[in-house]
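In the numbering used here, the protein residues as written are 289 to 442.
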């Protein structure tokens, strides 16, 4: 594996372990040239999954796009990057386990919102405000009231 720092191809694996509930192998490597350490992840290549957008365009599913949205929602929250990465991996697994080669973007959004409710309520409200295109404070209040009522039932 090529070193990301010095670009030399001489690196060795120091440690390997399962990540994402066994769906990924995390490897710690050390460059034989510069001595710096870095992490790589090995995953099984997945079948292409197409997302059907609201205007009926189709585009390949992007884990990075999902991750970016969740990171924005969790900004300045006490949530580690590892927790966010695991959260996104769970959502991706859920989407891919549905076995359809295409999934509507609305379905992805609903899955994310349902899981965010239990993961972090503030992140949920932030995500919902963008996903549902809140245009005034009334939308926020309605969503907060829904969360409050849900919390009262638990």
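We put the beta carbon where it would ideally sit given N, CA and C, even for glycine.
Kindly list the residues whose CB is nearer than 7 angstroms to the CB of residue i, restricted to its own chain and excluding five residues on each side of it in sequence; keep chain order.
| i | result |
| --- | --- |
| residue 365 | 408, 410 and 411 |
| residue 443 | Residue 443 lies beyond the range of the chain shown here (289 to 442); nothing can be said about it. |
| residue 419 | 397 and 401 |
| residue 392 | 340 |
Which first and last residues belong to the alpha helix (DSSP H) in which residue i is found?
| i | result |
| --- | --- |
| residue 369 | 369 to 384 |
| residue 414 | 409 to 419 |
Here's a check: name, in chain order, each residue in its chain whose Cβ is nearer than 8 angstroms to the Cβ of residue i, leaving out the five neighbours to either side.
| i | result |
| --- | --- |
| residue 372 | 355, 358, 359 and 362 |
| residue 435 | 405, 409, 412 and 413 |
| residue 390 | 337, 338, 339, 340 and 346 |
Give the DSSP-derived three-state secondary structure of residue i in the structure shown.
| i | result |
| --- | --- |
| residue 347 | strand |
| residue 388 | coil |
| residue 306 | strand |
| residue 471 | There is simply no residue 471 to check, as the chain begins at 289 and stops at 442 in what is shown. |
| residue 338 | strand |
| residue 314 | strand |
| residue 438 | helix |
| residue 360 | helix |
Is it true that the CB of residue j sits closer than 7 angstroms to the CB of residue i?
| i | j | result |
| --- | --- | --- |
| residue 320 | residue 298 | yes |
| residue 317 | residue 332 | no |
| residue 380 | residue 351 | yes |
Return the chain-ordered list of same chain residues with a C-beta closer than 6 angstroms to the C-beta of residue i, the five sequence neighbours on each side being excluded.
| i | result |
| --- | --- |
| residue 335 | none |
| residue 305 | 314 |
| residue 345 | none |
Flag this pair as touching only if the stretch 301 to 312 and the stretch 336 to 351 have three or more C-beta atom pairs under 8 angstroms; answer yes or no. The answer is no - the stretch 336 to 351 does not touch the stretch 301 to 312, with fewer than three Cβ pairs under 8 angstroms.
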